[in-house]
DNA sequence: ATTTTGCAGATTGTTGACATTCTTCAGATG
DNA sequence: CATCTGAAGAATGTCAACAATCTGCAAAAT
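Chains as they are written, first to last, in the working numbering: chain A, 1 to 221; chain B, 222 to 442.
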C-alpha cells in the first residue's frame, strides 16, 4: 500500500496528479463549460494548499480545457460550434497522417488488434450496447494514433479529442449512424491491413470529416 | 509609462509574462538543451518569488519546451533527430491544411501580402542578407497559418515550430538551398492566388517535406 | 581499490499568511 | 427611477518560511 503510493509519486508529482483529477472532474461533467473554477474549493476538496492547484491549472490552460482571465479566475472552456468545427478539421488532418503512417509500419499483431476492435463494435451494435461501443471506438482511435510511430502526432491528436469532449451536444448516436461509422472503421483497418498508405489516408480523413458533418447536422436540431 | 505597465498587466498576468521571458531565454540559446533550469536563479533574476516561476514552468512543460522530473527539477528539452523528424511530419500535415484553407478564403490583400514576403526574400537572397531572409521567412509562414481561418491549427502549428527551434544543428542555410526554398514559397503563394486548394495543399506539404529532408541531410554531415 | 554509508549543502515541494483585485449590493445622488 | 459611489466580503496574486528530497563528497567498511 505504502510502496504503491511511493511508486505512484516516483514520476508523478502532486500537481500532475491534481491536474489529472481536475481534468477528470471537468470532462466528467461535474463542471459545465463556462463554469468558474474556485481554487480554494479545489484545495479544500483535495486537502492541499492552493499552490499545487494553481500549477495544475496553468497546465490545463495550455491543454485548452480552461480559460484563464487574470484577476478573475479560471473557467471551464466553452467551445462554439465554429471552434468545434475547427478542431475537427485539424483532427482530420492528423488522423489521416496517422492512418498513412500506420499503413506503412503496422505489424500483423497491430492489424489483428484493430480488427478486434471493429468486431467488438459490430457486436456492440447488434446488442445495442452503446457503452461498449464508445469504449471500443475510443480504443480503436487511440490504438491507431499511438501505433503510428509518431509520439508528437499522438499527443496533439489526443489533446484535440479531449477538447472536443467539452462540446457536448445531444450526443446520442443514432443506431444507423453508428453502423455507418463502423463501416468507415472497417475500411480504415482494411486499408492498413492492405499496407496501402494513400487508401488509409483517405479512409481516415473521410472518417473524421464524416463525423464532423454528423455532429454539425446534429447541432442544427 | 505606468499606464503602459498597467495596460500590460490587464490581460497578461505575471506568470504569463514570466513564461514569455523564460521562453525567450531558452529559444535565445542562453540555456542549451539538456541544461537544468534553477527556480531560485530565475526568481532572483526577475526579482520575484518562486511561485509565479513555477506556474510559468508548468505551462512551458505542456508547450514541450522543457522536461520536468519530479524532485529533480526542469531541464531544457533535448530533441533527438528522430523527434525532430516526427515534428516535421506533423508540421507538414498542418501546414498543408493551412495552405488548402487559405486558398479557399484568401483575400486580395492576403495574396498581396504573401507576395510581398516572397519578394522581400528574393531581395534578401540577392543581398546575402540572411537575417532579413529568416525574419521574412517566418513572417510568411505565420501569415499563411494565421490567415487560414483556423485558430486551433495556428496554435498547434506555431507550437511545433517553437519546439523545432530546440533542434539546432549547424543551421547554416546554403545559398542555393535558400533560393530553392523561396521557389517553393512562390509556388505556394501562386497556388493560393489561383484559389486552387489541391495545388496549395501539395505545394505547402512539399515545402515542409523538403525542408525536413534538407535538415536531415544537414544532420548527417 | 571498490563500494557503501552518512552527513552537509543545495534544490524542489508545499504551506499559510498577506496584498491586491474583483464582485456585490446597499445607499446616495442626479 | 436610473445611475453612481463606495464599503464589505470573497477570490485571486504573491511571498517568505518550512519540509522533504536530492546531490556531492568524504570517511568507513569490505
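Every residue, glycine too, gets a C-beta built ideally from N, C-alpha and C.
Asked                                                                                                                              : Found
Chain A within 9 Å of residue 237 of chain B, Cβ atoms only                                                                        : yes
Residue burial classification, residue 95 of chain A (beta-carbon count within 10 angstroms, cutoff 16)                            : buried
C-alpha distance - residue 62 of chain A paired with residue 335 of chain B, whole-angstrom precision                              : 30 Å
Secondary structure of residue 285 of chain B, DSSP reduced to three states                                                        : coil
Assigned exposure category for residue 426 of chain B - 16 Cβ within 10 Å defines buried                                           : buried
Proximity of residue 87 of chain A and residue 373 of chain B at Cβ, strictly below 9 Å                                            : yes
Candidates B/237, B/331, B/361 and B/279: closest to residue 339 of chain B by CA position                                         : B/361
Under the three-state DSSP convention, the category residue 269 of chain B falls into                                              : coil
Residues near residue 422 of chain B by beta carbon distance below 7 Å, same chain, minus five either side                         : 317, 320 and 321
For residue 132 of chain A and residue 120 of chain A, believed in contact at Cβ under 8 Å, the rounded distance                   : 7 Å
Distance between residue 46 of chain A and residue 39 of chain A (C-alpha atoms, nearest Å)                                        : 11 Å
Short CB-CB distance (under 9 Å) between residue 282 of chain B and chain A                                                        : yes
Best match in A/105, A/29 and A/185 for proximity to residue 138 of chain A [C-alpha to C-alpha]                                   : A/185
Close-in-space but distant-in-sequence residues of the same chain around residue 292 of chain B (CB under 6 Å, 5 per side omitted) : none
Chain A within 9 Å of residue 377 of chain B, Cβ atoms only                                                                        : yes
Simplified DSSP state of residue 320 of chain B, which is helix, strand or coil                                                    : helix
Pair within 9 Å by beta-carbon distance, residue 247 of chain B and residue 281 of chain B                                         : yes
Nearest-angstrom beta carbon gap, residue 64 of chain A and residue 163 of chain A [assumed within contact, 8 Å]                   : 5 Å
7 Å Cβ cut-off: residues of chain A touching residue 248 of chain B                                                                : Simply none; closest approach about 17 Å.
Contact under 9 Å by Cβ, residue 255 of chain B with residue 296 of chain B                                                        : yes
Sheet register partners of residue 36 of chain A (DSSP bridge)                                                                     : A/75
Residue 97 of chain A: contacting residues in chain B (beta-carbon distance under 8 Å)                                             : 310, 311 and 314
heavy atom of the ligand MG below 8 Å from residue 435 of chain B C-beta                                                           : Ligands in the displayed structure: none, and consequently the ligand MG is not present.
Opening and closing residue of the alpha helix (DSSP H) in which residue 388 of chain B lies                                       : Taken as a continuous stretch (DSSP letters only), residue 388 of chain B belongs to no alpha helix (DSSP H), as it is neither H nor E.
Closer than 9 Å to chain A by CB, residue 245 of chain B                                                                           : no
Same chain, Cβ closer than 8 Å to residue 48 of chain A, five either side skipped, listed in chain order                           : 14 and 18
Nearest residue (CA-CA) to residue 89 of chain A, options A/209, A/177, A/102 and A/108                                            : A/209
Other residues of its chain near residue 289 of chain B: CB distance less than 6 Å, five sequence neighbours each side excluded    : 282 and 295
Interface residues of chain A facing residue 371 of chain B [CB-CB closer than 8 Å]                                                : 86, 89 and 90
Contact under 9 Å by Cβ, residue 326 of chain B with residue 272 of chain B                                                        : no
Contacts that residue 276 of chain B makes with chain A (C-beta to C-beta distance below 7 Å)                                      : 54, 55 and 58
CA-to-CA distance, residue 93 of chain A to residue 199 of chain A, given in whole angstroms                                       : 14 Å
Residues that residue 436 of chain B contacts on chain A, provided the C-beta gap is smaller than 9 Å                              : Neighbours of residue 436 of chain B on chain A: none; closest Cβ ~15 Å, over 9 Å.
Expected contact under 8 Å - CB spacing of residue 203 of chain A and residue 191 of chain A to nearest Å                          : 5 Å
Contacts of residue 116 of chain A in chain B (Cβ-Cβ under 7 Å)                                                                    : Neighbours of residue 116 of chain A on chain B: none; closest Cβ ~27 Å, over 7 Å.
Delimiting residues of the alpha helix (DSSP H) encompassing residue 371 of chain B                                                : Unbroken run through residue 371 of chain B: none, as it is neither H nor E.
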